[in-house]
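Contents: one structure, followed by commentary.
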């Protein structure tokens, strides 16, 4: 798979007067764990539902793994989806769910499914409605993994889990990817959930794509500068100030610079992904999308 | 997909099978007592058997047999509606409500196939259940119906033959469609109940097959005249002897030469005494207007109504397919 796993152009979804997603253009490179972040209501779920063919866009085009979402059985087989709140059939047992997966997916790997249920210490005869939130999410993930998809789409999979279940969930996801390989898109309104797992970031704000790029590139091009108080206007060219705060003696700036900072009068620090995202969330000026330019 | 549909539907299936078996046992047991009553009355009768027939009908419609007779009519009317409510409406509404359609629609089975399988399995079960039920009830009540000669009259008509199957298929398709549009189980069930009852009661049943229509001069010897001396209205009720006793009588009234229903009011002078009144009514040139469906219309009426309901059900199912396609990608 060399082409983009998701390619969207001008993707827009309106519900009556409300715009859930506007003019979203994206090209997500393959083999990545993509974090889709943004505040609640930014359009993350809408984008993911369009990508798995559960929603029809109002305008624009989207291709997932080279064809229309949910176009046919072969396309459905390539994409695994775990919806928000990880729905399962409450009245059916875990074994029923696995049998359902086996009956409806030609690529079903019963060994993966069985091993995962055993690792989680779950009784296959148990009714899914009696599972805890974390176990439920794990069952939904098991169904999505055992169909052996090329792309996994997870919508806020850990939002309702306690920290321990959250860690276990992400750990088992990463273990699967390490062993079997697959691209992943997972959304969260908390960057801290994704920081440890994702290597590509898409940020949605108020229905628009605010930032998209490789996590490494983003981190390498953003700095916190601390130095004696001064006017931020005398920074070298190519430096864009995203945020500034000043005390009587000291100035702290957050800047984007692709060339690096070699002025010794500044102490340059790397930003954490969370700080970087929060900085952009507070911004109103449009941000460029560096990674998008490079992947085209 | 078929296995999974069956798995989801398993509880309802066992409940239905248990109910059908219980009713079957009841019908077999009471059927024997009915056969015994038949053997001792009608089968043993020679010559004029009208009184014997009445006696048999009386036996069949009272006591234990009568309870079963009324029960079967109730069951035949209730089951198609219940199928719409409990099999049709929740079929998709519950998936949307609990979000499990996200799970179902993201396995390697197209949404069209998912829809087709569910509709075929559950819809087929609905038609088969009511077909079996109607066959059992129609055979059980066969002797009573022919002795009472009322198979075509409204209450009995809907509890016999193929019409209940048409209703069940329609109720199921209606429930499924409303469940898909409303996406919540209870509101979908309520909407299904309301629309179903309106459809089944408001279909212009007598007009589905052209009725026999007789328009003839009013025979005053067999017409009873009534007069209300306060409102001065007068009614002329003609005898309906020419209508077969096993027919479904729709209308029998006296009309003026221009075709309007005759009911006065009249000049009180004509009707000071009833003989004079009757004589006077006889001079108005009134006609008797009779409309009825003879017993032979039972099958054409049944098949026409079934065809209409099955046809509407097919349109609803078609809509479900189009809706699923258009609302997703």
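Protein chains in written order, with this note's numbering: chain A, 1217 to 1512; chain B, 3 to 331. Virtual Cβ for every residue (Gly too), placed ideally from N, Cα, C.
Leaving out five residues on either side along the sequence, give the residues of the same chain with a beta carbon under 7 Å from the beta carbon of residue i.
i	result
residue 257/B	263, 264, 288, 289 and 291
residue 255/B	263 and 291
residue 1506/A	Bear in mind that a pLDDT of 46 at residue 1506/A, under 50, signals an unreliable position, so the number given afterwards is only what the model happens to contain. For residue 1506/A, where only same-chain residues beyond five positions count, the Cβ hits under 7 Å are 1429, 1433 and 1437.
residue 284/B	222
residue 1472/A	1437, 1438, 1456 and 1458
residue 247/B	151
residue 280/B	222 and 227
Of all the CB atoms in chain B, is at least one closer than 8 Å to the CB of residue i?
i	result
residue 1219/A	no
residue 1269/A	yes
residue 1333/A	no
residue 1363/A	yes
residue 1317/A	yes
residue 1288/A	yes
residue 1272/A	yes
residue 1224/A	no
residue 1358/A	no
residue 1308/A	yes
residue 1256/A	no
residue 1322/A	yes
Only counting the same chain, and skipping five residues up and downstream in sequence, which positions put a Cβ closer than 6 Å to that of residue i?
i	result
residue 149/B	55, 58 and 59
residue 161/B	75 and 78
residue 92/B	187
residue 158/B	152
residue 239/B	226
By Cβ distance below 8 Å, which residues in the same chain neighbour residue i in space, the five residues on each side in sequence not counted?
i	result
residue 1509/A	Legend: pLDDT at residue 1509/A = 41, less than 50; position of this residue unreliable, value from coordinates given subsequently. So the list is empty, once near-sequence residues are dropped.
residue 5/B	none
residue 67/B	32, 35, 36, 39 and 61
Between which two residues does the beta strand (DSSP E) containing residue i stretch?
i	result
residue 1466/A	1466-1473
residue 1483/A	1483-1486
residue 324/B	First-last for residue 324/B: 300-330, but that is the alpha helix (DSSP H), not the beta strand (DSSP E).
residue 1229/A	1222-1231
residue 1440/A	1438-1444
residue 1418/A	1416-1421
Counting contacts by CB-CB distance shorter than 8 Å, is residue i in contact with chain A?
i	result
residue 92/B	no
residue 3/B	yes
residue 101/B	yes
residue 324/B	no
residue 169/B	no
residue 14/B	no
residue 299/B	no
residue 6/B	yes
residue 105/B	yes
residue 186/B	no
residue 111/B	yes
How far does the alpha helix (DSSP H) with residue i in it reach, from first residue to last?
i	result
residue 67/B	65-85
residue 240/B	Segment 235-240 is the beta strand (DSSP E) holding residue 240/B; no alpha helix (DSSP H) there.
residue 98/B	91-100
residue 1429/A	Where residue 1429/A is concerned, there is no enclosing alpha helix (DSSP H), although the beta strand (DSSP E) it sits in stretches over 1424-1430.
residue 1241/A	Segment 1234-1244 is the beta strand (DSSP E) holding residue 1241/A; no alpha helix (DSSP H) there.
residue 1392/A	1379-1396
Less than 8 Å separating the beta-carbons of residue i and residue j?
i	j	result
residue 1302/A	residue 1352/A	yes
residue 1430/A	residue 1404/A	no
residue 1296/A	residue 1368/A	yes
residue 1240/A	residue 1425/A	yes
residue 2/B	residue 175/B	Because chain B is modelled from 3 through 331, residue 2/B falls outside the range shown and cannot be assessed.
residue 169/B	residue 82/B	yes
residue 293/B	residue 113/B	no
residue 1323/A	residue 1376/A	no
residue 1413/A	residue 1390/A	yes
residue 1292/A	residue 136/B	no
residue 1282/A	residue 1219/A	yes
residue 185/B	residue 95/B	yes
residue 1385/A	residue 1357/A	yes
residue 1411/A	residue 1485/A	no
residue 1487/A	residue 1441/A	no
residue 15/B	residue 127/B	yes
residue 1420/A	residue 1252/A	yes
residue 1423/A	residue 1307/A	no
residue 308/B	residue 165/B	yes
For the ligand NAD, any of its heavy atoms closer than 7 Å to the Cβ of residue i?
i	result
residue 4/B	Absent from the structure shown: the ligand NAD. Ligands present: none.
Could you tell me whether any Cβ in chain C is nearer than 8 Å to the Cβ of residue i?
i	result
residue 1305/A	This model lacks chain C altogether, as its protein chains are A and B.
Three or more C-beta pairs below 8 Å linking the segment 1469-1478 of chain A and the segment 1442-1457 of chain A: Yes: at least three Cβ pairs fall under 8 Å.
Cβ pair count under 8 Å reaching 3, the segment 1222-1233 of chain A against the segment 1273-1292 of chain A: A contact exists between the segment 1222-1233 of chain A and the segment 1273-1292 of chain A.
Cβ contact (3+ pairs, closer than 8 Å) linking the segment 1328-1336 of chain A and the segment 1308-1317 of chain A: Contact holds: three or more Cβ-Cβ distances are below 8 Å.
Validate contact between the segment 83-100 of chain B and the segment 1284-1298 of chain A using beta carbons, cut 8 Å, 3 pairs: The segment 83-100 of chain B and the segment 1284-1298 of chain A do not touch, with fewer than 3 CB-CB distances between them shorter than 8 Å.
Contact between the segment 194-211 of chain B and the segment 266-280 of chain B (3+ Cβ pairs under 8 Å): With the cut-off at 8 Å, the segment 194-211 of chain B and the segment 266-280 of chain B do not touch.
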